[in-house]
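Participant: The UniProt record's numbering applies: residue 1 is where the sequence shown begins, and numbers increase by one. Attaching a single structure in structure tokens format; questions to follow.
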Amino acid sequence: MALNIVIMAAGKGTRMKSATPKVLHKLAGRSLLSHVLKSCQPLTADARIVITGHGAEQVEAAVGADGISFVRQMPQLGTGHAIQQTVPALVGEGTTLILNGDVPLIETATAKALIDACAGHALVLLTVDLADPTGYGRIIRNADDGGVLAIVEHKDATPQQRLIREGYSGMMAAPTAALKRWVGQLTNDNAQGEYYLTDIVAMAVAEGLPVLGIKAHSETEVLGVNDPVQLAQLERAFQARQAQDLMRAGVRLADPARFDLRGTLTHGQDCEIDVNCVIEGDVALGDGVRIGANCVIRNVKIASGARIHEFTHIDGEALGASVGEGALIGPFARLRPGAQLGSDVHIGNFVEVKNSTLANGAKANHLAYLGDATVGERVNYGAGSITANYDGANKHRTTIGDDVHVGSNCVLVAPVTLGNGATIGGGSTITKDVEPGSLAVARGKQMALPGWTRPAKKR
């Protein structure tokens, strides 16, 4: 049996007071419309249709064309008028699921329940019990069998009908053949001069077709967005739901009300996240990872036992980033795309790492920059030192061997290689390769002392 999924995304959203189309406003880092599309993704559909109108070009560009077809509603003359535009694109004689692009938290299970209840022969409405149903169309049910007799708009409801808490969500599943017929019979004989999709309920009742109402699991699932206040309220509701899911899975959040997940977070056991942290993109945490307060973590894999101290900013972007087992990062550190840190690496305060690999045990503890570098094991990289990796036209790489010591306030001018065990004297500007085991001091002219032996550590 053919399934059509139709998402209404043509509205302007005047109360948003924004040039951005309403369905492209962000919830948890993704557009409202993308949330709806994601919920529909597991459903096997013969046609997926997005109705665009206001800002159509922007909406269509944001969605892309991967299995999605677009129908434009110009001008916007109501929900029934929107569905009228889709009639030539509807496939087969099965079921058409109709969702709202500005109602982002619809769950896949709920959408599937509507489809299953419709089964190509019943009109099924998604309803919800509301603490305050003001503004919602009320569901009038048959007292004998519980079937839906009508939807009465709030402004038209009697005082008795306004006591009904069950409201219509704006989403439904309908037999495709009947839907085509019904929307063809709609009129705009009303004060707004619009074509209302809800008028098909009376048509179904008149034809003797079953009209059913399925209740959403929660009010949050069917809440739409009409203004910035509602968007912010829905954001907090969604974040609370995500935080609860994480805590039930074993993640310890210091305060779930001060946590934001704007992407995907996978985790091991015994992970802890302090307050005011923002997780974006794809983030994976191993066992026992601890993240301090006020961190922004994006597109990174953090291995078991690592500690991300307060005020750290990690953004792997498209290249990604990784933090090895037992590594200590921050506070006030920044890891940029391509930062690949081995186990027990230390990146301290005001240190930035970009497109660089640090092998096990390497340390850059203060006020330093490592860009386009390959750093060996147990390297100690001094405060104030940088890799000068850009010559104004091209990026060049710095290679630092195992057990190298780089003193404070050094400049390593790439391309340059520091051999294993080399020591760079503080304040040096290194423009030539340094042999393994050498001491290089460059304050004006670079000098290398191959026979120099580093003093032993005091115990």
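Glycine residues also receive a C-beta, built at the ideal position from the N, C-alpha and C atoms. On a predicted model such as this, the values are computed, not experimentally measured, just so you know.
Would you list, in sequence order, the uninterrupted alpha helix (DSSP H) runs of no fewer than 4 residues that lie entirely inside the region 215-292?
Facilitator: Correct list: 228-248.
Participant: Are the region 200-218 and the region 12-21 in contact at 8 Å, needing three or more beta carbon pairs?
Facilitator: Result no; under three Cβ-Cβ pairs closer than 8 Å.
Participant: Taking only runs of the beta strand (DSSP E) that begin and end inside the UniProt domain "MobA-like NTP transferase" (6-123), which ones reach a length of at least 3 residues, in chain order?
Facilitator: Fully enclosed beta strand (DSSP E) runs of 3 or longer: 47-52, 69-72 and 95-100.
Participant: T264 to A333, Cα distance in whole Å?
Facilitator: On the sequence shown, residue 264 is found 264 positions in, with the first residue counted as 1. On the sequence shown, residue 333 is found 333 positions in, with the first residue counted as 1. So the alpha carbons of these two residues sit roughly 23 Å apart.
Participant: Rounded to whole angstroms, what is the Cα-Cα separation between I273 and V300?
Facilitator: On the sequence shown, residue 273 is found 273 positions in, with the first residue counted as 1. On the sequence shown, residue 300 is found 300 positions in, with the first residue counted as 1. Approximately 15 Å between the Cα atoms of the pair.
Participant: Mapping the DSSP letters down to three states, classify A368 as helix, strand or coil.
Facilitator: Working through the sequence shown from its first residue, we reach residue 368 at position 368. Reduced to three states, the DSSP call for A368 is strand.
Participant: Output the boundary residues of the alpha helix (DSSP H) element that contains R298.
Facilitator: Start at 1 with the first residue of the sequence shown, and residue 298 comes out as number 298. Here R298 belongs to no alpha helix (DSSP H); instead the beta strand (DSSP E) covers V296 to I302.
Participant: Check this for me: beta carbons of L223 and M171, under 7 Å apart or not?
Facilitator: Stepping through the sequence shown from its first residue, residue 223 is reached at position 223. Stepping through the sequence shown from its first residue, residue 171 is reached at position 171. No, the Cβ-Cβ distance between L223 and M171 is not below 7 Å.
Participant: Go through its chain and collect everything with a Cβ distance to N420's Cβ below 8 Å, but skip five positions before and after it.
Facilitator: Locating residue 420 in the sequence shown gives position 420, counting from the first residue. Same-chain partners within the cutoff: G376, G401, D402, D403, V404, P436 and G437.
Participant: Closer than 8 Å is the cut-off here; do at least three beta carbon pairs connect the region 145-157 with the region 171-187?
Facilitator: Not touching, per the Cβ criterion.
Participant: Give me the Cβ distance between R48 and I5, rounded to the nearest whole Å; I'm assuming they're in contact under 8 Å.
Facilitator: Counting from 1 along the sequence shown, the entry for residue 48 is found at position 48. Counting from 1 along the sequence shown, the entry for residue 5 is found at position 5. About 5 Å; that satisfies the 8 Å criterion.
Participant: Assuming the contact rule is C-beta atoms closer than 8 Å, F70 and T96 should be a hit. Round their C-beta distance to whole Å, please.
Facilitator: In the sequence shown, residue 70 corresponds to position 70, counting from 1. In the sequence shown, residue 96 corresponds to position 96, counting from 1. The pair is not a contact, with the Cβ atoms about 16 Å apart (cut-off 8 Å).
Participant: Taking only runs that begin and end inside the region 122-179, name each unbroken beta strand (DSSP E) of 3 or more residues, in chain order.
Facilitator: If we require 3 residues or more, the beta strand (DSSP E) runs fully inside the region 122-179 come out as 123-129, 138-141, 148-152 and 166-175.
Participant: Using DSSP with H/G/I as helix, E/B as strand and the rest coil, what is E352?
Facilitator: Residue numbering aside, residue 352 sits at position 352 when the sequence shown is read from its first letter. It is a strand residue.
Participant: Do residue 461 and G324 have their CB atoms nearer than 7 Å?
Facilitator: Because the chain here runs from 1 to 459, residue 461 falls outside it and cannot be looked at.
Participant: Quick one: residues in its chain with C-beta nearer than 7 Å to the C-beta of D227, no 5 flanking neighbours on either side, listed in chain order?
Facilitator: As a first step, residue 227 is located in the sequence shown; it is residue number 227 there, counting from the start. Answer for D227: R15 and M16, listed in chain order.
Participant: Pick from H309, R290 and V353: whose alpha carbon is nearest that of A321?
Facilitator: Within the sequence shown, numbered from 1, the residue matching residue 321 stands at position 321. Out of H309, R290 and V353, V353 has the C-alpha closest to the C-alpha of A321.
Participant: So, is H121 buried or exposed, given that buried needs 16 or more other C-beta atoms within 10 angstroms?
Facilitator: Your numbering for residue 121 matches position 121 in the sequence shown. Result: exposed.
Participant: Quick one: what's S322 bridged to in DSSP?
Facilitator: Stepping through the sequence shown from its first residue, residue 322 is reached at position 322. Bridge partners of S322: K301 and Q340.
Participant: Under a three-way DSSP split, which group does D199 fall into?
Facilitator: Taking the sequence shown and counting its residues from 1, one reaches residue 199 at position 199. Helix, per DSSP.
Participant: Run the CB neighbour count on A257, radius 10 Å, all protein chains shown included, and call it buried at 16 or more, exposed below.
Facilitator: Along the sequence shown, one-based indexing puts residue 257 at 257. A257 is exposed by the Cβ-count criterion.
Participant: Taking only three categories from DSSP, how would you classify G437?
Facilitator: Reading the sequence shown from its first residue, position 437 is the one you call residue 437. Here G437 sits in coil by DSSP.
Participant: Around the Cβ of M8, are there at least 16 other Cβ atoms within 10 angstroms (buried) or fewer (exposed)?
Facilitator: In the sequence shown, the residue the question calls residue 8 occupies position 8. Per the 10 Å Cβ criterion, buried.
Participant: Could you give the DSSP three-state label for A373: helix, strand or coil?
Facilitator: Counting from 1 along the sequence shown, the entry for residue 373 is found at position 373. Of the three classes helix, strand and coil, the one that applies to A373 here is strand, per DSSP.
Participant: To the nearest angstrom, report how far apart L105 and G292 are at their CA atoms.
Facilitator: Position 105 of the sequence shown holds residue 105. Position 292 of the sequence shown holds residue 292. L105 and G292: Cα-Cα distance of roughly 30 Å.
Participant: Do V211 and L99 have their C-beta atoms closer together than 7 Å?
Facilitator: Residue numbering aside, residue 211 sits at position 211 when the sequence shown is read from its first letter. Residue numbering aside, residue 99 sits at position 99 when the sequence shown is read from its first letter. Contact: no.
Participant: Am I right that R165 and L130 are in contact with their C-beta atoms under 8 Å? What's the rounded C-beta distance?
Facilitator: Position 165 of the sequence shown, counted from the first residue, corresponds to residue 165. Position 130 of the sequence shown, counted from the first residue, corresponds to residue 130. About 6 Å; that satisfies the 8 Å criterion.
Participant: Do N349 and P331 come within 7 Å of each other at the CB atom, strictly closer than that value?
Facilitator: The sequence position of residue 331 within the sequence shown is 331, counting from 1. The sequence position of residue 349 within the sequence shown is 349, counting from 1. A contact, by the Cβ cut-off of 7 Å.
Participant: Judging by CA-CA distance, which residue of N389, I308 and V296 is the nearest neighbour of V289?
Facilitator: Start at 1 with the first residue of the sequence shown, and residue 289 comes out as number 289. Among N389, I308 and V296, the Cα nearest to that of V289 belongs to I308.
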